[in-house]
Structure formats: structure tokens, C-alpha cells
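Novice: Residues in the sequence shown are numbered consecutively from 1, following UniProt numbering. One structure is given below, represented as C-alpha cells, and several questions about it will come after.
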Amino acid sequence: MSWSMLKRATRLPLAGSALLPIGARSLPLTKTQLPHRRWVSTEDIKQQDKAAGESVDAEETGVIEKTRQESLMYFDRILPFRTSNWDLRQWFSYIVIADKRPEAIKDHVMALANPVDETTQTPSIPNLEITEVIPMKRDGGAFIKFRVPQNWTIADLNKQIQLNTLKESSKRLSILNWISQASAFSVKGQPWIEDLRRYPSRTIKVKFEGPALTEEELYSLFRRYGSIVDIQPDPAVATVIFKLFRGSICAKNCITGIKINDTVLHISYEKQTHKSIIVDLLTNHTRLAIPVIIALLATLAVIIFDPIREFFIENHITNKFAINRNNPIVKWIMNISNKTMSQIHQFLGQEVARQNKNGGLWSERRDIVRELRLWIEENVNTFIVVLGPRGTGKQDLVVTHALHDRKDILYIDCDKLVKSRSDTAFIRNAAASLGYFPVFPWLNSISTIIDLALTSLTGQKSGLSESKESQYRNMLSTALVAIREISLRGYKATIQEGDTEINVKEEDYLQQHPEKKPVIVIDRFTTINKSESNNFVYKEIADWAALLTTMNIAHVIFLTEDVSTQQLLTDSLPDQVFKYVMLRDASKSAAKSYVLHSLHEDLVLDKNGDGEVSEEEFKKLSESKRGIAELEAQLDACLEPIGGRMLDLQAFVRRVRSGEGPLDALQRMVDQTSEQITQMFLNKDQGIKNAQAWVLIKMLADNDSVNYREFINHPLFKSSPEASLVELEQHGLISMSRDRGVLCEVRPAKPIFKAAFKNLLREGSQIANVLETAYLNKIITFETARIQKFEKELESLAYCTGKKEFNGRLQYLAGKIDACNNNILKAEDDIKKINSKT
Numbered sequence: 001m002s003w004s005m006l007k008r009a010t011r012l013p014l015a016g017s018a019l020l021p022i023g024a025r026s027l028p029l030t031k032t033q034l035p036h037r038r039w040v041s042t043e044d045i046k047q048q049d050k051a052a053g054e055s056v057d058a059e060e061t062g063v064i065e066k067t068r069q070e071s072l073m074y075f076d077r078i079l080p081f082r083t084s085n086w087d088l089r090q091w092f093s094y095i096v097i098a099d100k101r102p103e104a105i106k107d108h109v110m111a112l113a114n115p116v117d118e119t120t121q122t123p124s125i126p127n128l129e130i131t132e133v134i135p136m137k138r139d140g141g142a143f144i145k146f147r148v149p150q151n152w153t154i155a156d157l158n159k160q161i162q163l164n165t166l167k168e169s170s171k172r173l174s175i176l177n178w179i180s181q182a183s184a185f186s187v188k189g190q191p192w193i194e195d196l197r198r199y200p201s202r203t204i205k206v207k208f209e210g211p212a213l214t215e216e217e218l219y220s221l222f223r224r225y226g227s228i229v230d231i232q233p234d235p236a237v238a239t240v241i242f243k244l245f246r247g248s249i250c251a252k253n254c255i256t257g258i259k260i261n262d263t264v265l266h267i268s269y270e271k272q273t274h275k276s277i278i279v280d281l282l283t284n285h286t287r288l289a290i291p292v293i294i295a296l297l298a299t300l301a302v303i304i305f306d307p308i309r310e311f312f313i314e315n316h317i318t319n320k321f322a323i324n325r326n327n328p329i330v331k332w333i334m335n336i337s338n339k340t341m342s343q344i345h346q347f348l349g350q351e352v353a354r355q356n357k358n359g360g361l362w363s364e365r366r367d368i369v370r371e372l373r374l375w376i377e378e379n380v381n382t383f384i385v386v387l388g389p390r391g392t393g394k395q396d397l398v399v400t401h402a403l404h405d406r407k408d409i410l411y412i413d414c415d416k417l418v419k420s421r422s423d424t425a426f427i428r429n430a431a432a433s434l435g436y437f438p439v440f441p442w443l444n445s446i447s448t449i450i451d452l453a454l455t456s457l458t459g460q461k462s463g464l465s466e467s468k469e470s471q472y473r474n475m476l477s478t479a480l481v482a483i484r485e486i487s488l489r490g491y492k493a494t495i496q497e498g499d500t501e502i503n504v505k506e507e508d509y510l511q512q513h514p515e516k517k518p519v520i521v522i523d524r525f526t527t528i529n530k531s532e533s534n535n536f537v538y539k540e541i542a543d544w545a546a547l548l549t550t551m552n553i554a555h556v557i558f559l560t561e562d563v564s565t566q567q568l569l570t571d572s573l574p575d576q577v578f579k580y581v582m583l584r585d586a587s588k589s590a591a592k593s594y595v596l597h598s599l600h601e602d603l604v605l606d607k608n609g610d611g612e613v614s615e616e617e618f619k620k621l622s623e624s625k626r627g628i629a630e631l632e633a634q635l636d637a638c639l640e641p642i643g644g645r646m647l648d649l650q651a652f653v654r655r656v657r658s659g660e661g662p663l664d665a666l667q668r669m670v671d672q673t674s675e676q677i678t679q680m681f682l683n684k685d686q687g688i689k690n691a692q693a694w695v696l697i698k699m700l701a702d703n704d705s706v707n708y709r710e711f712i713n714h715p716l717f718k719s720s721p722e723a724s725l726v727e728l729e730q731h732g733l734i735s736m737s738r739d740r741g742v743l744c745e746v747r748p749a750k751p752i753f754k755a756a757f758k759n760l761l762r763e764g765s766q767i768a769n770v771l772e773t774a775y776l777n778k779i780i781t782f783e784t785a786r787i788q789k790f791e792k793e794l795e796s797l798a799y800c801t802g803k804k805e806f807n808g809r810l811q812y813l814a815g816k817i818d819a820c821n822n823n824i825l826k827a828e829d830d831i832k833k834i835n836s837k838t
């Protein structure tokens, strides 16, 4: 406060004998006669309290009272004020003292109001005493009661205290002096202490109880407390706007209750209404706000969630923190336990059979495994396609044998993704396959609802909802970043060789260290299921794998049974020569070796004979031994129809282990396969396709393969033989061999299918008669449709019967109709023969 402000402050009458609390003006009161605060209430309220025996009073609120020998002053900036319940300024103090108790405030105020002279060591005001301290934590100040010393008037005391406070505050050496400088003001009114949530505001409301004050009077009354921005006079309630909070706080505490010209002033803070820019943007500028919010949310997701997801993807590939067999600590514990158990068995004289799980089945595939490992170590265009029929053990060959010692492997099963029933299930399965975490699939449903609501309100989409294609694309992009981090572990931009530093590029580092790059295994990659809703997965994975190979940050291996996938991969990675591995069924000798090894694994007894075997177990073991003895004698006959398909060999072994005889197991497998073929290809109402499948079954029942030329002239295949055969191949009934892309031979999809075909066609079979009858009826329907088509053309040529130019066409159509009719007659005759036998 400046000196001019102090001078203006002395123009109005100061609090003293001329201004007493309401109801205490007639008689002088001492402090011992009344409390420091009086609870203000009307006579009606007092009577109601007395009648009800009310004993609870608002002790910390009310009106401050004082005697004629006391002076009441308000000191501001003693504590930090609050503008809301969450204002952080309440936790910080603008003054030196950190203790906000009345005793600490009393000492601090005394040092400001009555400083000690440094030369004489005497206080500025002798015998000055503070009788009461009333902190105002919300307003950041305190009411201080001083006992007026002898030979001092209240006006002189207040003036001296103001001068001392201003002088002492200015002495404080602080870079925040202009903020924390305290001031003292005499209290002219009758302040009301309340604990309502009416927080300080720069705007105060002045309510007049009597005639209203003029604008000039309001200015002269309030200007001493701080700069005024505006005054809005009103007969009932005037508004005064201060530049700073300090002015409004001091004015409210010092002026409330003052009486001027028969008018009592009641002052209160105006309730703050914060106009939020964000709320205004959302409500009034939705077309601009929604894209901004989406951009902010996307940025937030990238900043917060993407690093977390990259970490989880890296852990999913490296298994660094996973508790499984690939964890180094788990491996160490398992090695110790295996060695310990081996020593115990040796000590007890027992022998544990350790045989290759697959016996000799993999002996003939060692060259393929060696070639796969060599391609990965060569690090030249590591884009490998392993092609083979279903059940040939492609996954076992690659993961278990070729990559058994690799640390960083990412396995993706396309079939699990494509067959997800809902978008939420797809997102979960896709995230699980990559280790992508956290993922919020439920947000997509909520975003779709919001998008629909905003579209109906604003006519514009919010863009919050993402398609599953874009979400999966984002997952693959995040996985690419994580894979790059894995492959560049240990990379240094410069290496020291002697006294020179050599710069190393990332490309050179990756080319020299192929073992650092993870291996991405993509299983069941096919284009057969074109009708699936998630069929886009194949294209996205192909493009992603092509990018990994182009950046040279990973080895990619595709496992597929579909020859047509080559075109999709070529589209994603043109000008690239793929490395192909073709898997065939195992040979007879390898299949026999595998079956024998698998069955002998369960029949190893300890050589000491100390182990006790129950009678039931011994009987079961004897039966199994007899079964193996029978199997060895009949093995060639059993394996001939089964062939070398691994899944079928495993099923055969399981049946024999369960106690079935070799021939019984084979017969049950053939019957089961026959039923599968009937349900998949013959029972469904697919019209001509069922007939085509039956033709193939009859042709392949007695032949290992059929030449493609035999289908060209067949009536059911003549219109599009290749397309029909390819569709049946994709559905798993047949397999076809190609010579430089041209179809050559047609074979059963699995060796056991040939035995199943024979089983369906065996003489006297009721199933064969039913299927053959259905086939002949479809032939009749097919030929009848052709005749009707030819007849329509003849009708259109009726007016040309006398012209020689059309005789050739007419004879051609007549011959076709005659051939079709002969086929119908032959089919009907065959149906009669079948019915006569049944």
C-alpha cells in the first residue's frame, strides 16, 4: 500500500468508539462480559432453540465482538487463500512461517505491527498486546484484536500499526515481495465469520440495507483496498470488480456490516462461474472439436500404450520374462532335475527308454531340416514356403526340429484368426497371437454407438470407431517395431578396431548377424476360405511379412497346403524368388519304423524286476505285447491303405494302444473316413458338385491317380474341368500334381481316402446303392436341363428349317439331344437295376 492510499484511508472514520457492534452501543462492555464471537440469529430462532433445549451452537462462526478498549484489524496475506476446494495454493504459504496455528500467526503479526528498534531495543508501541487471533484460512488472512495501550487512541493505534506493517513488509528480501507483502487494515464494519463454501472472487456483491450508495461513494469506500476494474451501481445490489483477489478479500472482511448514512452494507463474494474453453468447444464447435479430440486421443494412445505394447510383444517373442520351458531359469532348473533323476535311475539299476518320439519318421526328412536351417543361416532372402498336404507334419518339422534351438520365434495361426466368430473375438485372438497388450476390444462397440449418435446429431462421423482391418493393421505395425528392436539388440553405430572407429550401418549389422533376427512362423496360410468374413487376414499378413523381409529384420516361414497361395505372396513381394520346401507322405519303411517305436515306448519294464506289477496291469501289458506281435506280422497289410500321413499314423497308434487289434483299428479308421467323406461331399445339397465328387470317388477307388485328360470329355466336367477339380482340391477331397503350373494327375487327398472310396463302393453296400441312385438322378436332371436348352435354340431356329445354311446346326442340336436322351435312358435303366437288387 502506498502513502497516498494510507492518507485516503484516514478520511473515513476508523473503528472505535463511534462504531460499535450491533446491540452493544448503549453500554461499554468488557471482554469478560461477552464471548469473542456472538452467534447471530433472529428472536424467532432463539425462541425455538430455547423451547427445544438446543445446546449445540456454531462456536467457530458468528459476529466478532470487541470492547471499547480493543481494536480489531485485518491482516491479509498471512496464509494462502483458496479460490476452490481443490486450489493447490492452500498447501503453500506466502510468508516465512510454515506453522499456521494462531500462536505462530500471533508472533508473526506482532513482529510486523510492533517491530523492535534495532538501536534502542524498544518496541515501537509500548505495552501493545494481542488479545485474540482469528485465522481466515479460506481468505488467506487473519483478524487480530489489539488491547489499546494507555495514552493511545484507537485511531492513532491503527494508523501506527498500518505504518509499521507496511514498513516491515517492505524490508523483506524476497523475489516474491510483490506477492507476499502483507498489509493491515482497520475493520470498520462488523465481520461475519462463516464456514460456507463461498470462495474468494475478484467480484463482490454489495447489498444495501437502506438507501443505495452512489458510484462515487462506493469508489471512495473500496478503492483503498486495491485497484478497481469496474463498478456497476444498482439500487438493491451493486457490483464491484477488483483487479486482484487481494482487494476483494480485504474489502469483504473490513467493510461487511458498516453503517453509512443509515445504510448497512452487506458484502459477499460473487460465485465464480468458470467458462471452460473445452466445454465451449465441444458444445458449439463439434465439427472442429471432434477431430481435435480424436487426434489428441490417438496421440495419447501412441505416447502411453504403444511402448507398453511393444514391450509385451518383445516379451511374447523372446520369452524373457515368461515362466515356461524357454525361460533360462526354468531351463536351468529342468536340466538339473533331469540330471538328478538320471543319476537316481542309474543308482537303482533302472533303465529309462529314450527313443526318438517319431522314430524313423524324421530320418528321411533330415535333409529338409538341414536345408531349412542352412537357408536361415545364409540370411539371403529368408522368405520360405513349406508346402504339403494337411497332416504331413509341417509344424512339427519346422518348429520342433528346424527351430528347436532358436530363441526368438513368433508363431501365428491364421486359421484361428479367420474363424473368429465376432469382431471382439477376432481382436482378442489377434492380440494374443502377437502378444499385443493392453487391448480394449469393447471400446470398438462403444465407439460405434458414439459414432451413430454423433452422425444423427451433427451429420458427421466421429471417426472414433475403427474397422477390424485397420485395428489389425495397427497391431502388425506395432509388432514390426518390436521385431526391429529385437533384431537390433547389441547393435552399435560405431565399433572400435585398434585406434580407429568404424561406422556400422544397421543393414550391415543385420546381414552379418542372422542369428539376431527372430523367426516368424505363419501356419495354415491359405486362400481356400474365401467366404470367411476375416479373409483379409491373409493379405495383411502377406504384406506385413513382405515388409519384414524387405527390411531384413526377420526370417519368415509360411506353412501352407494350398498351392494357390503363391499368387498372393507374389503380389505382396514381387521380384522375389521364394524358397519352397515340398513335403510328401512318409515312405512305407519310415511309417513302419514310426509305428513300432511308438508302440514299444509304453512297454519298457525295469530290468531288476523289483518293480511290482499288478495282475490287471500285467494282463493289459501282455495283451499289448501280443497286439504288437500280431501287428509286426500284419504291419505291411495295415500300413498299405493308411500310407505315410502322420495324422493317420498317430490315430492308428492310439487305437492299437487302446487295445484294438491292428485290423480292427484299420477298419474303424476306414469306416470313419468314409462317413466323413459322405457327410462333407455327398449328403449336402450341392447339385452337380455332389455328382462330380461321386465320379472322382469311383475313378480313384481302383487307381492311385487319374490323368487330367480323362476329365475333359466327361459330361459333368466338360464345361469347366479345371475349376471344378480345383474347388474339390480346396475342400480336401483330392490333391493334384502340376508340371510347370499345368494340371497333370489327380490323386486322393490322403492315402486312406482310397480305402474309404473302396469301402463306399463295395458290392452290395446299401450306402453305395443310395449314393449311386442319387448320382444317377442328378445325371438325369443335368441331361434334362441340357435338352431343354437345346430345345429352346431349336425353337428359335424354327423359321430356318428350309434353309441349307442352318442344316448343320440343326443336325448338331439333334445329335446332342439324342445323346442326352440316351444318357437319361441309361441312367434310368441303371436305377432299375439297383432297385431290383435291393
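C-beta atoms are modelled at their ideal positions from N, C-alpha and C, and glycine is treated no differently.
If D117 and P200 are in contact, beta carbons under 8 Å, what's the gap, nearest whole angstrom?
Specialist: With 8 Å as the limit, D117 and P200 do not qualify as a contact, their Cβ atoms being about 36 Å apart.
Novice: Got a sec, what are the start and stop residues for the alpha helix (DSSP H) E729 sits in?
Specialist: P721 to Q730 is the extent of the alpha helix (DSSP H) around E729.
Novice: Consult DSSP for residue 839 and reduce its assignment to one of helix, strand or coil.
Specialist: For residue 839 there is no data in the structure shown, the boundaries of the chain being 1 and 838.
Novice: Within 10 angstroms of the Cβ of I303, are there 16 or more other Cβ atoms? Answer buried if so, exposed if not.
Specialist: With fewer than 16 Cβ atoms within 10 Å of its Cβ, I303 is classed as exposed.
Novice: Between which residues of its own chain and C800 is the CB-CB distance below 7 Å, once the five residues before and five after are set aside?
Specialist: Correct list, in chain order: F806.
Novice: Is the beta carbon of S229 less than 8 Å from the beta carbon of I204?
Specialist: A quick correction: the sequence has Val, not Ser, at residue 229. Against a cut-off of 8 Å, the Cβ pair of I204 and V229 comes out as no contact.
Novice: Which class does Y436 belong to by DSSP, given the choice of helix, strand or coil?
Specialist: Y436 falls in the coil class under three-state DSSP.
Novice: What are the boundary residues of the alpha helix (DSSP H) that C800 is part of?
Specialist: No alpha helix (DSSP H) contains C800, which DSSP labels as neither H nor E.
Novice: So, using beta-carbon positions, are P522 and F558 closer together than 8 Å?
Specialist: According to the sequence as given, residue 522 is Ile; it is not Pro. Yes. Within cutoff.
Novice: What first and last residue would you give for the alpha helix (DSSP H) that runs through M551?
Specialist: First-last of the alpha helix (DSSP H) with M551: F536 to M551.
Novice: Just how far apart, CA to CA, sit E217 and I231?
Specialist: So the two alpha carbons sit approximately 11 Å from each other.
Novice: Taking C-beta to C-beta, are E515 and E314 nearer than 8 Å?
Specialist: No, these two residues do not count as a Cβ contact at 8 Å.
Novice: If I measure Cβ to Cβ from V369 and keep anything under 8 Å in the same chain, skipping five residues before and after, which residues do I get?
Specialist: Answer for V369: W362, L397, H401 and A402, listed in chain order.
Novice: Among the residues of its own chain, which have a CB less than 8 Å from the CB of R668, if the five just before and after it don't count?
Specialist: Taken in chain order, the residues that qualify are R655 and E660.
Novice: Are three or more beta carbon pairs between the segment 372–388 and the segment 288–303 nearer than 8 Å?
Specialist: No, the segment 372–388 is not in contact with the segment 288–303.
Novice: Nearest to D508 by CA position, among A182, N379 and R738, is which residue?
Specialist: Selected option, being the one with the closest Cα: N379.
Novice: Going by DSSP, which residues form a beta bridge with T560?
Specialist: DSSP lists L387 as partners of T560.
Novice: Since F681 is in the beta strand (DSSP E), which residue starts that stretch and which ends it?
Specialist: Here F681 belongs to no beta strand (DSSP E), and DSSP marks it neither H nor E.
Novice: Which one of P233, E132, R68 and L635 has the shortest CA to CA distance from Q150?
Specialist: When only C-alpha atoms are compared, the closest one is R68.
Novice: How many Å lie between T478 and E310 at the Cα?
Specialist: When rounded, the distance between both Cα atoms is 6 Å.
Novice: With DSSP collapsed to three states, give me the class of residue 901.
Specialist: Lying outside 1 to 838, the shown extent of the chain, residue 901 is not represented and no answer is given.
Novice: So the beta strand (DSSP E) F208 belongs to, where does it begin and stop?
Specialist: T203 to E209 is the span of the beta strand (DSSP E), which, as asked, contains F208.
Novice: Can you tell me which of the three DSSP states G815 falls into?
Specialist: Three-state result, G815: helix.
Novice: Name the residue from N261, D107, E675 and S84 whose alpha carbon lies nearest to the alpha carbon of K137.
Specialist: Minimum Cα distance to K137 is reached at S84.
Novice: Of all the options R197, C250, F208 and I308, which has the alpha carbon lying nearest to the alpha carbon of R223?
Specialist: Ranking R197, C250, F208 and I308 by Cα distance to R223 puts C250 first.
Novice: If I'm right that D76 touches S183 with Cβ under 8 Å, what's the distance once you round it to whole angstroms?
Specialist: Confirmed, Cβ separation roughly 6 Å.
Novice: Are there 16 or more other CB atoms within 10 angstroms of the CB of K804, so buried, or fewer, so exposed?
Specialist: Exposed.
Novice: Just curious, the alpha helix (DSSP H) that E168 is in, first and last residue?
Specialist: Taken as a continuous stretch (DSSP letters only), the alpha helix (DSSP H) holding E168 covers I154 to K171.
Novice: What are the start and end residues of the alpha helix (DSSP H) that includes Q246?
Specialist: Inspection of the sequence shows that residue 246 is occupied by Arg rather than by Gln. Start and end: F245 to I255.
Novice: If you compare alpha carbons, which of Y219, D585, A236 and F536 is closest to residue 840?
Specialist: Coverage of the chain is limited to positions 1 through 838, which leaves residue 840 absent and any answer about it impossible.
Novice: So, for E772: in the same chain, excluding its five sequence neighbours on each side, which residues have a beta-carbon less than 8 Å away from its beta-carbon?
Specialist: Counting only Cβ-Cβ distances below 8 Å, and skipping sequence neighbours, we find W694, D830 and I834.
Novice: Look up S422 in the DSSP assignment and say whether it is helix, strand or coil.
Specialist: Residue state, collapsed to three classes: coil.
Novice: Under 8 Å, do V519 and D408 count as touching if we go by C-beta distance?
Specialist: It is a contact, given that the beta carbons lie within the stated cut-off.
Novice: Grouping DSSP H, G and I as helix and E and B as strand, with all else coil, what is residue 841?
Specialist: Lying outside 1 to 838, the shown extent of the chain, residue 841 is not represented and no answer is given.
Novice: Quick one: residues in its chain with C-beta nearer than 6 Å to the C-beta of L794, no 5 flanking neighbours on either side, listed in chain order?
Specialist: Counting only Cβ-Cβ distances below 6 Å, and skipping sequence neighbours, we find L813.
Novice: What are the boundary residues of the alpha helix (DSSP H) that includes D280?
Specialist: Note, D280: alpha helix (DSSP H), I277 to N284.
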